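2 protein chains.
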Amino acid sequence: MDEQLKHQIEKLVPITDDEFAFIRSHFIVKNFKKGELLIQQGEGVEYLYYVVSGLLKLIYNDESAKEYIVSFAMEDWWESDFQAYYTQTKATMSLQCIEDADVLCLSLEDYKKLCEGSQKIQRFFLEKSIAGHIASQQRILSFITSNAAERYEQLLKRYPQLVQRVPKSLLASYLGVSRETLSRLSS
Amino acid sequence: MDEQLKHQIEKLVPITDDEFAFIRSHFIVKNFKKGELLIQQGEGVEYLYYVVSGLLKLIYNDESAKEYIVSFAMEDWWESDFQAYYTQTKATMSLQCIEDADVLCLSLEDYKKLCEGSQKIQRFFLEKSIAGHIASQQRILSFITSNAAERYEQLLKRYPQLVQRVPKSLLASYLGVSRETLSRLSS
DNA sequence: TGTAAATAGTGATATTTATCACGCGACTAA
DNA sequence: TTAGTCGCGTGATAAATATCACTATTTACA
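Those protein sequences? They're chains A and B, same order as listed. Using the numbering used here, the final residue of the first sequence is 412, and nothing's skipped along the way. Using the numbering used here, the final residue of the second sequence is 412, and nothing's skipped along the way.
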C-alpha cells in the first residue's frame, strides 16, 4: 500500500524515503465495503481519498433521487467532492463504494500542512490537478462533439478496464444516456 | 494591467511588491485583434495566456472543419491548450480572439522558473487549477443531468456577462446543441 | 439452497434534437 | 451606395434518444 502511493508520487516527482515517510504520516487508512458511502450528499467532506484498491463512484442525486455518475475512481485515483472539501462546505455529491476498497485519507488540515511542509508534494498535487483538468476538458469535448455511440466507443478505448468492472447501467449514466439506449448501441 | 494581475493573484495568495515584480518579469505582453489566432490546432503551443481584456474562444475543429467551443476566456481567465502546453506537443485545439484582447503570456520555461522561484505562485496555480477542475466537473454534470434548455438556463445564471458579449451560435456550440435548437429555446 | 434483487435486452411510442432550407435585418468593407 | 457576410429566427422533416413496459438471466446473500 505504501509502495503504491510512493510509486504514484514518483511518477511525477522523485522523492527520498524520508520525504515519503513525512508525506505518508499525514494519511490514514480506511476500508470500505461495497455500497458504503465515503461522502454523503448534504453532509461535510472530511477527506480527500487516494484509492489503493477497489472502485468508487462519485454520484449526484437530483430532487427525484435519480442518480448521475460524475466520475469513477479506481486504483491510483484521487477523489473527493473537491468543491466541498476545499471550501469545507456541504457535499453536493456522494462518493460510494462499488467494489470493496482500501483507501488512504487526507484531511484538509493535513493537506495544508503537507503542502507547506513539502514543496514536492505541492508540485505533485499541482500536476495531478492539471491532469484532472485536462481529462475533464476531454470529456466535455466528447459531449459536445459526439453522439452516444461515439462517446461509448471513446470510453471503451480510454478505460477498457473500467467497462469490464462496472454494470452498463452505470456506464450509461456516466455517458449521459439512458441504459436502454446504451444497450441498443452494442447491437 | 499589472495591477490587474497582482489583484488576481492576491485574491488567493497575498504577495509583496517585490514578489510581484519577480512574477511579472516572467510575462510578456501581447495584443490580438478580433479573429487572430493565439494557438493554432496542429502547431506548437508557446504560451499560457492571462486575459487582461477582451475575449477569446478555445475551439476544436473536427475533420469536416466543423467548430466546437471547448471554452471561452474573458478578463482574468487563464487559457491555453493545456495538454499541448505542458507536454510541449502539437495543439489539438485553437485559441482565437473574438474581441480585441490584451494578454500576458507565460512560456513553459518561464512557468517552471516561476514555480521554482516562488512557492506562492505555485500555490496560486494549484488553486487556480483546482478551481478549473471543479468548474469543468460542474459543466460535465450539466451535460449528464440536463437537456438543452436547462443547460442554457444554467449558463445564463453562471455567466450572464458572457451571454451579452457572444453570438448565440457560439453559445450553442459551447452548450453542445445546434444554433437552431438554441434559438427555439428562447421562445 | 432458495429467493429477491440486480442486470441486461427489447418492443412500442413519445419527446428531443439535428438537419436542411429559407428569409430578414444589421453591419461592413470596397 | 451596394454587395456580401453575419446573426438570428423559423418551418418541415429526419434522426437520435428517452420513457414505459415487460421478460429473461444472473448474482447476491440470508
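Ideal placement from N, C-alpha and C gives every residue a C-beta, glycine not left out. All of these numbers come straight from a predicted model, not from anything done at the bench.
message: Counting only C-beta atoms, is Leu-366 (chain B) closer than 8 Å to chain A at any point?
response: Working through the second sequence from its first residue, we reach residue 366 (chain B) at position 141. Yes, Leu-366 (chain B) counts as interfacial toward chain A.
- request: Please name the residue in A:Gly-279, A:Lys-291, A:Gln-313, A:Tyr-310 whose C-alpha comes closest to that of Phe-297 (chain A).
  value: Position 72 of the first sequence, counted from the start, is the residue given in the question as residue 297 (chain A). The shortest C-alpha separation from Phe-297 (chain A) is found at A:Gly-279.
field: Buried versus exposed, by CB contacts within 10 Å (16 or more), Tyr-402 (chain A)
entry: Indexing the first sequence from 1 puts residue 402 (chain A) at position 177. Residue 402 (chain A) is actually Val in this sequence, not Tyr. Per the 10 Å Cβ criterion, buried.
Proximity below 8 Å, CB of Val-328 (chain A) to CB of Tyr-274 (chain A): Looking up residue 328 (chain A) in the first sequence gives position 103. Looking up residue 274 (chain A) in the first sequence gives position 49. In this structure, Tyr-274 (chain A) lies closer than 8 Å to Val-328 (chain A) by Cβ.
query: When DSSP builds the beta bridges, which residues end up paired with Asp-327 (chain B)?
result: In the second sequence, counting from the first residue as 1, residue 327 (chain B) sits at position 102. Asp-327 (chain B) pairs with B:Asn-256, B:Ser-278.
- request: Can you tell me which of A:Ile-369, A:Arg-404, A:Glu-244 puts its alpha carbon nearest to the alpha carbon of Gln-347 (chain A)?
  value: On the first sequence, residue 347 (chain A) is found 122 positions in, with the first residue counted as 1. Among A:Ile-369, A:Arg-404, A:Glu-244, the Cα nearest to that of Gln-347 (chain A) belongs to A:Glu-244.
Status (buried if at least 16 other CB within 10 Å, exposed otherwise) for Val-254 (chain B): The residue labelled residue 254 (chain B) in the question sits at position 29 within the second sequence. Classification for Val-254 (chain B): exposed.
query: Are the C-beta atoms of Leu-339 (chain B) and some chain A residue less than 8 Å apart?
result: Locating residue 339 (chain B) in the second sequence gives position 114, counting from the first residue. No - not a single Cβ of chain A is within 8 Å of the one on Leu-339 (chain B).
Span separating the alpha-carbon of Ile-240 (chain B) from that of Phe-247 (chain B): On the second sequence, residue 240 (chain B) is found 15 positions in, with the first residue counted as 1. On the second sequence, residue 247 (chain B) is found 22 positions in, with the first residue counted as 1. Roughly 11 Å between the two C-alpha positions.
message: Mapping the DSSP letters down to three states, classify Ser-332 (chain A) as helix, strand or coil.
response: For the purposes of this step, residue 332 (chain A) is taken as residue 107 along the first sequence, with counting starting at 1. Here Ser-332 (chain A) sits in strand by DSSP.
query: Among A:Gln-265, A:Val-277, A:Asn-256, which one has its Cα closest to the Cα of Asp-227 (chain A)?
result: For the purposes of this step, residue 227 (chain A) is taken as the residue at position 2 of the first sequence. That would be A:Val-277, whose Cα lies nearest to the Cα of Asp-227 (chain A).
- request: Note down, in chain order, each residue of its chain lying with its Cβ closer than 7 Å to the Cβ of Ser-332 (chain B), except the 5 sequence neighbours on either side.
  value: Stepping through the second sequence from its first residue, residue 332 (chain B) is reached at position 107. Answer for Ser-332 (chain B): Glu-271, Tyr-272, listed in chain order.
- prompt: Can you tell me the Cα-Cα spacing of Cys-330 (chain B) and Ser-343 (chain B), whole angstroms?
  reply: Start at 1 with the first residue of the second sequence, and residue 330 (chain B) comes out as number 105. Start at 1 with the first residue of the second sequence, and residue 343 (chain B) comes out as number 118. For Cys-330 (chain B) and Ser-343 (chain B), the distance between alpha carbons rounds to 18 Å.
- prompt: Is the region 318-327 of chain A close to the region 284-301 of chain A, with three or more CB pairs under 8 Å?
  reply: yes
Residue nearest to Met-299 (chain B) in terms of C-alpha spacing, selected from B:Leu-339, B:Ser-394, B:Tyr-384, B:Arg-409: Counted from its first residue, the second sequence places residue 299 (chain B) at position 74. Of the candidates B:Leu-339, B:Ser-394, B:Tyr-384, B:Arg-409, the one whose C-alpha sits nearest the C-alpha of Met-299 (chain B) is B:Tyr-384.
- request: Might you give, ordered along the chain, the residues of its own chain that have their beta carbon closer than 6 Å to the beta carbon of Arg-404 (chain A), omitting 5 neighbours on each side?
  value: Stepping through the first sequence from its first residue, residue 404 (chain A) is reached at position 179. Hits under 6 Å: Ser-394, Ala-397.
query: At a Cβ threshold of 8 Å, is Val-295 (chain B) touching chain A?
result: For the purposes of this step, residue 295 (chain B) is taken as the residue at position 70 of the second sequence. True, the Cβ-Cβ gap to chain A drops below 8 Å.
- prompt: For a contact meaning CB atoms closer than 7 Å, what does Leu-351 (chain B) contact in chain A?
  reply: Along the second sequence, one-based indexing puts residue 351 (chain B) at 126. Within chain A, the residues near Leu-351 (chain B) are Gln-347, Phe-350, Leu-351, Ser-354.
message: Do Phe-307 (chain A) and Ile-355 (chain B) have their beta-carbon atoms positioned less than 8 Å apart in this structure?
response: Reading the second sequence from its first residue, position 130 is the one you call residue 355 (chain B). Reading the first sequence from its first residue, position 82 is the one you call residue 307 (chain A). Yes, these two residues count as a Cβ contact at 8 Å.
- prompt: For Phe-307 (chain B), which residues in chain A fall below 8 Å Cβ to Cβ?
  reply: Here the question's residue 307 (chain B) lines up with position 82 in the second sequence. Per Cβ cutoff of 8 Å: Ile-355, His-358, Ile-359, Gln-362.
query: Opposite Trp-303 (chain A) in the DSSP bridges: which residues?
result: Position 78 of the first sequence, counted from the first residue, corresponds to residue 303 (chain A). Note: Trp-303 (chain A) sits in a beta bridge opposite A:Tyr-275.
task: Tell me Glu-352 (chain A)'s beta-bridge partners as DSSP assigns them.
output: One-based indexing of the first sequence puts residue 352 (chain A) at position 127. The partner list for Glu-352 (chain A) (beta bridge, DSSP) is empty, contrary to what the question assumes.
Cβ distance (whole Å) where Leu-339 (chain B) is taken to contact Arg-376 (chain B) below 8 Å: Start at 1 with the first residue of the second sequence, and residue 339 (chain B) comes out as number 114. Start at 1 with the first residue of the second sequence, and residue 376 (chain B) comes out as number 151. No, Leu-339 (chain B) and Arg-376 (chain B) are not in contact; Cβ-Cβ is about 37 Å, not under 8 Å.
Neighbouring residues, chain B, relative to Ile-323 (chain A) (Cβ below 8 Å): Indexing the first sequence from 1 puts residue 323 (chain A) at position 98. Chain B residues near Ile-323 (chain A): none, gap ~17 Å exceeds 8 Å.
message: Quick check: the Cα distance between Ala-309 (chain B) and Pro-392 (chain A), rounded to an integer number of angstroms?
response: The residue labelled residue 309 (chain B) in the question sits at position 84 within the second sequence. The residue labelled residue 392 (chain A) in the question sits at position 167 within the first sequence. In a straight line, the C-alpha of Ala-309 (chain B) is about 34 Å away from that of Pro-392 (chain A).
field: Below-8 Å beta-carbon distance, Thr-406 (chain B) vs any chain A residue
entry: To locate residue 406 (chain B), count along the second sequence from 1; it is residue 181. No, its Cβ sits nowhere closer than 8 Å to a Cβ of chain A.
query: Since Ser-367 (chain B) contacts Gln-379 (chain B) with CB under 8 Å, what's their CB separation in whole angstroms?
result: For this step, residue 367 (chain B) is matched to residue 142 along the second sequence. For this step, residue 379 (chain B) is matched to residue 154 along the second sequence. About 5 Å separates the two Cβ atoms, so the contact holds.
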